[in-house]
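Peer 1:
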Amino acid sequence: MDPVTPAGYGEVLALIARDVRDTRLRALSAAGTEVIALNWRIGALILERQDRQGWVAQVIDRLSKDLQAQFPRMTGLSPTNMQYMRAFAAAWPAPGNFPTAVGKRPWGHVRTLLDRLDDRADREWYASCAVDAGWSRTSLEHHVATGLRQRIPILPKRWSRTPPSSTFSISRSDPRSGTWSRH
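In UniProt numbering, the protein residues as written are 1 to 183.
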């Protein structure tokens, strides 16, 4: 046995490496959630000022330019993105009251929900499915475009909002059965 590599070393190395990877993923997820919350707060401020002080759309252009000057390495401060932030705050007007599922998705998912869906309940349903099933933005866009929510049967009571598995489809044998099959 090598004195530098004692018994059990490989196991300890694997445990530490797994912990580091898991922690990094949690940190990235937490950072993403904070960015979503920041985007909501920016949008809410813009909405408030537009309502209270009559700010016009050109103010967003100026605000974007000034913020980009203050934070030159930060992405996401374009006028278009700030319009999305405003729409995000308008879609969920209560402070911090957007659904957890929305806060857990990347900003691109939120933009897709805002672009493609007008109904708040639909947005929340698709966001929840995207979290539970781990959908990419392309998958989310596909499911929205093909009307997944309208195509599936009413879920059994034990599934309050979304199907249980990360990959699912309606059973082809009997679409009225409400059963889910895994791929």
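Heads up, the beta-carbon is just placed ideally off N, CA and C, and yes, glycines get one too.
1. Taking CB distances under 9 angstroms as the criterion, tell me whether Leu-13 reaches chain C.
2. Please confirm whether Val-131 and Arg-105 have their CB atoms less than 9 angstroms apart.
3. Does the contact criterion of 3 or more C-beta pairs under 8 angstroms hold for the stretch 63-70 versus the stretch 17-36?
4. Could you say which of Leu-45, Glu-11, Arg-21 lies nearest to Met-85 if we only look at CA atoms?
5. So Asn-39 is in the alpha helix (DSSP H); what residue range does that whole segment cover?
6. In its own chain, which residues sit with a C-beta less than 7 angstroms from the C-beta of Val-110, not counting the 5 before and 5 after it?
7. Whole angstroms are fine: how far does the CA of Gly-108 sit from the CA of Leu-148?
8. Taking only heavy atoms of the ligand GTP into account, decide whether any of them is closer than 8 angstroms to the Cβ of Gln-150.
Peer 2: This is what the structure gives:
1. Going by chain labels, chain C is absent from the structure shown, which holds only one protein chain.
2. Start at 1 with the first residue of the sequence shown, and residue 131 comes out as number 131. Start at 1 with the first residue of the sequence shown, and residue 105 comes out as number 105. Inclusion of Val-131 and Arg-105 in the CB contact set at 9 angstroms is warranted, their separation being smaller than that value.
3. Pairwise C-beta distances place the stretch 63-70 out of contact with the stretch 17-36, as fewer than three of them are shorter than 8 angstroms.
4. Here residue 85 corresponds to residue number 85 of the sequence shown, with the count starting at 1. The option with the nearest alpha carbon to Met-85 is Leu-45.
5. By 1-based counting over the sequence shown, the position of residue 39 is 39. Its alpha helix (DSSP H) spans residues 9-53.
6. As a first step, residue 110 is located in the sequence shown; it is residue number 110 there, counting from the start. Within the same chain, Val-110 has close Cβ partners Ile-36, Phe-88, Val-102.
7. Locating residue 148 in the sequence shown gives position 148, where the first residue counts as 1. Locating residue 108 in the sequence shown gives position 108, where the first residue counts as 1. As the crow flies, the alpha-carbon of Leu-148 is around 19 angstroms from that of Gly-108.
8. In terms of ligand content, the structure shown is empty, and the ligand GTP therefore cannot be addressed.
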